[in-house]
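A.B. asks:
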Amino acid sequence: MKPLSAMILISSLLMVAPGCSKNDVQEKTILQKGLRGKIVYSSCATTVVQVMNKDIGTDWTNCHDQKTYQHIIGVNIINRNGIAAEAEFNFNIIEREPEMKCDMGDCGPINYETIVITGN
Numbered sequence: 599m600k601p602l603s604a605m606i607l608i609s610s611l612l613m614v615a616p617g618c619s620k621n622d623v624q625e626k627t628i629l630q631k632g633l634r635g636k637i638v639y640s641s642c643a644t645t646v647v648q649v650m651n652k653d654i655g656t657d658w659t660n661c662h663d664q665k666t667y668q669h670i671i672g673v674n675i676i677n678r679n680g681i682a683a684e685a686e687f688n689f690n691i692i693e694r695e696p697e698m699k700c701d702m703g704d705c706g707p708i709n710y711e712t713i714v715i716t717g718n
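With my numbering applied, the sequence shown corresponds to residues 599 to 718, in that order.
If you want it as structure tokens, here you go:
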């Protein structure tokens, strides 16, 4: 098969293949609703959110600066959309979604949840 023909075939398959959107959270089960938090640490391996309005999560020590935080959960954020560290936001914990993680450990161990941001 010629390269151009192969590219056209692959492009056609990608156009007709059904896609999935990580932003389509209406179908996801909400496990905890109405939480408020802020990102206290983020790297390619770990994003850590401090829950501000509920007694959930665990104590966690940042292995880089040795600061200790309470009410911490590790998260996979579906729709971060540029929210900076330390900025407070509202969120829900939803059913876990598969995620790609880089191959390094970072300031663990910690439990991970999938969250969707619902507002500032």
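Ideal Cβ positions, reconstructed from N, Cα and C, are used throughout, including at glycine.
Kindly indicate the opening and closing residues of the beta strand (DSSP E) around N674.
C.D. replies: From DSSP, the beta strand (DSSP E) with N674 extends over T666 to I675.
A.B. asks: Helix, strand or coil for G717? Go by DSSP, reduced to three states.
C.D. replies: In this structure, G717 counts as strand in the three-state DSSP scheme.
A.B. asks: Spatial neighbours of V653 within its chain, please: C-beta separation below 7 Å, excluding the five flanking residues on both sides.
C.D. replies: Correcting the residue type first, residue 653 is Asp in the shown sequence and not Val. Same-chain partners within the cutoff: H669.
A.B. asks: Given a threshold of 16 other Cβ atoms within 10 Å of its Cβ, counted over all protein chains shown, does E711 qualify as buried or as exposed?
C.D. replies: Looking at its Cβ environment, which holds 16 or more other Cβ atoms inside 10 Å, E711 is buried.
A.B. asks: Decide if the segment 660-667 is in contact with the segment 684-694; the criterion is three or more beta carbon pairs, one per stretch, under 8 Å apart.
C.D. replies: As far as the Cβ criterion goes, the segment 660-667 does not touch the segment 684-694, which means the pair count is below three.
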